[in-house]
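**Q** Would you mind keeping the following structure in view while I ask a few things?
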Ligand code: AMP
Ligand code: GLY
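Residue numbers (the numbering used here): 13 to 441.
Laid out in structure tokens, this is it:
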């Protein structure tokens, strides 16, 4: 079949790679794509990357049989609905269902209604009431996380250090620091524990978990520094034991499926539950309505069965027929980022060397933010490359990925040296 993927990041590069390896894939097109994705898929230059009606028209008039939507923005904008209206199956939830990521208030109310364990919360649409709630919570000795309700490019969550910090975050939201996303604010109980990412395919009738993973959100080693989009990941995550996964299935995934059915939400795609493993069991930090990035670059390289088949059957209500086959070998991926990330502004255009040497060492190099200049790859974004490598043990995978990425460099590149170290701690204990 002819498949169109929407997106341009490392996640979409990993999706395209696994689709390319699937026997069902005939033509693979990616819009807007990237110089890395262009090595394995057609990236038509004449279709604007965020003009959803134009993309729907392109799909309908170019023999596209199936569309996979990577990022949250097109989903929250209703791109899946537009493309489905052309009679083309789409992997990705409807606009109404995408509110599970697009509005934290919507998502928290959904969790509450369907009994999905999550942090206690309250939603506010004005600074005075929000500030009063912050003060009352801190007076009672409780700490808070401040969240802009809408999509804020991963920046709208402030894990407050103290009361003053929480009040400042509330003021920042209501004074427009996150645009319209911050016009409503969710104040949430601070949860303590270890985080993990749970991905599951959903077709409206069946929900099937993928291999577990763990992201590293902070910029610096030892989980120090500011939050980022993610600096590396590994799969599987040993914190997600079989017993914990069974608990997540029962307390999160099954109620999620019951909830989308009861609310009549058209959900054919991937649900990503970011969970905190607390002393009282798993609690959902957030839902995302798409694959995580960079977790996908650690999860999908482990998939031995056909991704195209799994996603197509999910999109067409036949997920129950899908049997996923995973390579047991752990996979670790490390994000190579521009030195100015995440604060910015990014100094772009430095020539990147060493990608082929890394590939020759057996690593897969996904492009997250590169451009092609005079026939050479240069850095263009905050997160630039994601280097991924599997090995028979997590320790061997860590050693192998760092050895493979060693030849890659450009001026002012940064990366974390401790990706997947947390997994080792679990294995030792
Ligand atoms: P989110 O975008 O909701 O996943 O939040 C980004 C990050 O903020 C999460 O990955 C957590 O590290 C942290 N976070 C979010 N909500 C909470 C919470 N209730 N308690 C503690 N940390 C949180
Ligand atoms: N890895 C975090 C995210 O995709 O939102």
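Ideal placement from N, C-alpha and C gives every residue a C-beta, glycine not left out.
From which residue to which residue does the beta strand (DSSP E) around residue 378 run?
**A** Looking up residue 378 in the chain shown gives position 366. Looking at the DSSP string, the run of the beta strand (DSSP E) that includes residue 378 is 376-379.
**Q** Pick out whichever of 175, 177 and 166 has its Cα sitting closest to the Cα of residue 190.
**A** Translated into the one-based positions of the chain shown, residue 190 becomes position 178. Nearest option by C-alpha distance: 166.
**Q** Taking DSSP's pairing of strands, which residues face residue 338 in a bridge?
**A** Position 326 of the chain shown, counting from 1, holds the residue named residue 338. Beta-bridge pairing links residue 338 to 315.
**Q** Are residue 23 and residue 305 closer than 8 Å when you measure CB to CB?
**A** Taking the first residue of the chain shown as position 1, residue 23 is located at position 11. Taking the first residue of the chain shown as position 1, residue 305 is located at position 293. A contact, by the Cβ cut-off of 8 Å.
**Q** If I measure Cβ to Cβ from residue 137 and keep anything under 6 Å in the same chain, skipping five residues before and after, which residues do I get?
**A** To locate residue 137, count along the chain shown from 1; it is residue 125. Taken in chain order, the residues that qualify are 196.
**Q** Which of the three DSSP states is assigned to residue 55 in this structure?
**A** Against the chain shown, residue 55 aligns to sequence position 43. Reduced to three states, the DSSP call for residue 55 is coil.
**Q** Which residue from 215, 402, 282 and 257 puts its Cα closest to that of residue 82?
**A** Counted from its first residue, the chain shown places residue 82 at position 70. Closest option to residue 82, Cα to Cα, is 282.
**Q** Should residue 14 be listed as close to ligand 1, given that the test is whether its C-beta is under 7 Å from any heavy atom?
**A** Here residue 14 corresponds to residue number 2 of the chain shown, with the count starting at 1. Not so, every heavy atom of ligand 1 lies at least 7 Å from the Cβ.
**Q** Identify which residue in 52, 102 and 363 has its Cα closest to the Cα of residue 422.
**A** Here residue 422 corresponds to residue number 410 of the chain shown, with the count starting at 1. Taking only the C-alpha atoms, the option nearest residue 422 is 363.
**Q** From the DSSP output, which residues share a beta bridge with residue 348?
**A** Counting from 1 along the chain shown, the entry for residue 348 is found at position 336. Residue 348 is bridged to 397.
**Q** What residues does ligand 2 have around it, judged by CB closer than 5 Å to any heavy atom, in chain order?
**A** With the cut-off at 5 Å, the residues found are 227, 242, 304 and 305.
**Q** For residue 260, which residues of its own chain have a beta-carbon under 8 Å away from its beta-carbon, when the five flanking residues on both sides are left out?
**A** One-based indexing of the chain shown puts residue 260 at position 248. If we look at residue 260 and ignore the five residues flanking it on each side, its Cβ neighbours are 210, 221, 252, 285, 287 and 294.
**Q** Could I get the ranges of all uninterrupted alpha helix (DSSP H) runs contained in the region 165-194, with 4 residues as the minimum, in chain order?
**A** Whole alpha helix (DSSP H) segments, 4+ residues: 175-186.
**Q** Look at residue 277 and residue 85 and say whether their C-beta atoms are less than 8 Å apart.
**A** For this step, residue 277 is matched to residue 265 along the chain shown. For this step, residue 85 is matched to residue 73 along the chain shown. No, the pair does not count as a contact, with Cβ atoms beyond the cut-off.
**Q** Does the Cβ of residue 391 have 16 or more other Cβ atoms within 10 Å, making it buried, or fewer, making it exposed?
**A** Your numbering for residue 391 matches position 379 in the chain shown. With 16 or more Cβ atoms within 10 Å of its Cβ, residue 391 is classed as buried.
**Q** Between the C-alpha atoms of residue 246 and residue 36, what's the straight-line distance to the nearest angstrom?
**A** Against the chain shown, residue 246 aligns to sequence position 234. Against the chain shown, residue 36 aligns to sequence position 24. C-alpha separation (whole angstroms): 28 Å.
**Q** Using a Cβ-based criterion (distance less than 7 Å to any ligand heavy atom), does residue 229 qualify as near ligand 1?
**A** The residue labelled residue 229 in the question sits at position 217 within the chain shown. Under cutoff, so the answer is yes.
**Q** What is the residue span of the beta strand (DSSP E) that residue 300 lies within?
**A** Counting from 1 along the chain shown, the entry for residue 300 is found at position 288. Note, residue 300: beta strand (DSSP E), 293-300.
**Q** Taking Cβ to Cβ, would you say residue 215 is nearer than 8 Å to residue 280?
**A** For this step, residue 215 is matched to residue 203 along the chain shown. For this step, residue 280 is matched to residue 268 along the chain shown. Cβ distance < 8 Å, so residue 215 and residue 280 count as in contact.
**Q** Where in the region 128-164 do unbroken runs of the beta strand (DSSP E), each at least 3 residues long, occur, reported from the N-terminal end onward?
**A** List check, beta strand (DSSP E) in window: 133-136 and 156-160.
**Q** For a test of the three-state rule: what should DSSP assign to residue 220, helix, strand or coil?
**A** Counting from one through the chain shown, the residue named residue 220 turns up at place 208. Note: residue 220 maps to strand in three-state DSSP.
**Q** Under a Cβ-count criterion, where at least 16 other Cβ atoms within 10 Å of its own Cβ denotes burial, should residue 337 be classed as buried or exposed?
**A** The count along the chain shown starts at 1 and reaches residue 337 at position 325. It is exposed - the Cβ of residue 337 has fewer than 16 other Cβ atoms within 10 Å.
**Q** With DSSP as the reference, identify every bridge partner of residue 391, one or two as the case may be.
**A** Along the chain shown, one-based indexing puts residue 391 at 379. Beta-bridge pairing links residue 391 to 382.
**Q** Using 7 Å as the cut-off, classify the Cβ of residue 271 as near or not near the heavy atoms of ligand 1, replying yes or no.
**A** For the purposes of this step, residue 271 is identified with residue 259 of the chain shown, where counting begins at 1. Incorrect: residue 271 has no Cβ contact closer than 7 Å to ligand 1.
**Q** Are the region 223-240 and the region 147-163 touching, with three or more C-beta to C-beta distances below 8 Å?
**A** With the cut-off at 8 Å, the region 223-240 and the region 147-163 do not touch.
**Q** What first and last residue would you give for the alpha helix (DSSP H) that runs through residue 18?
**A** Residue 18 sits at position 6 when you count from the first residue of the chain shown. Run containing residue 18: none in the alpha helix (DSSP H); it sits in the beta strand (DSSP E), 15-19.
**Q** To which residues of the same chain is residue 239 closer than 6 Å at the C-beta, ignoring the five residues directly before and after it?
**A** In the chain shown, residue 239 corresponds to position 227, counting from 1. Here the set comprises 229.
**Q** So residue 373 is in the alpha helix (DSSP H); what residue range does that whole segment cover?
**A** Taking the first residue of the chain shown as position 1, residue 373 is located at position 361. Residue 373 -> no alpha helix (DSSP H), and no H or E assigned at all.
**Q** Compute the distance between the beta-carbons of residue 18 and residue 49, then report whether it is under 8 Å.
**A** As a first step, residue 18 must be located in the chain shown, where it is residue number 6. As a first step, residue 49 must be located in the chain shown, where it is residue number 37. Result no, Cβ atoms of residue 18 and residue 49 do not sit closer than 8 Å.
**Q** Judging by CA-CA distance, which residue of 194, 355 and 173 is the nearest neighbour of residue 115?
**A** Within the chain shown, the letter at position 103 stands for residue 115. Nearest option by C-alpha distance: 194.
**Q** In chain order, what are the residue ranges of uninterrupted alpha helix (DSSP H) at least 4 long that sit wholly in the region 68-105?
**A** Listed in chain order, they are 84-89 and 91-96.
**Q** If you scan the region 203-276 from start to end, which runs of the alpha helix (DSSP H) of 4 or more residues do you find wholly inside it?
**A** List check, alpha helix (DSSP H) in window: 254-260 and 266-274.
**Q** One question on the structure: do residue 213 and residue 326 come within less than 8 Å of each other, judged by their Cβ atoms?
**A** Walking along the chain shown from the start, residue 213 turns up at place 201. Walking along the chain shown from the start, residue 326 turns up at place 314. Yes.
**Q** Between the alpha carbons of residue 313 and residue 124, how many angstroms are there, rounded?
**A** Counting from one through the chain shown, the residue named residue 313 turns up at place 301. Counting from one through the chain shown, the residue named residue 124 turns up at place 112. Distance between the alpha carbons of residue 313 and residue 124: 35 Å.
**Q** State the CB to CB distance for the pair residue 344 and residue 418, rounded to an integer number of angstroms; the pair is presumed to be in contact (CB under 8 Å).
**A** Taking the chain shown and counting its residues from 1, the one referred to as residue 344 is at position 332. Taking the chain shown and counting its residues from 1, the one referred to as residue 418 is at position 406. Going by Cβ atoms, the distance from residue 344 to residue 418 rounds to 14 Å, so no, they are not a contact pair.
**Q** Mind checking who residue 200 pairs with in its DSSP beta bridge?
**A** Taking the chain shown and counting its residues from 1, the one referred to as residue 200 is at position 188. According to DSSP, which records beta bridges pairwise, residue 200 is partnered with 133 and 157.
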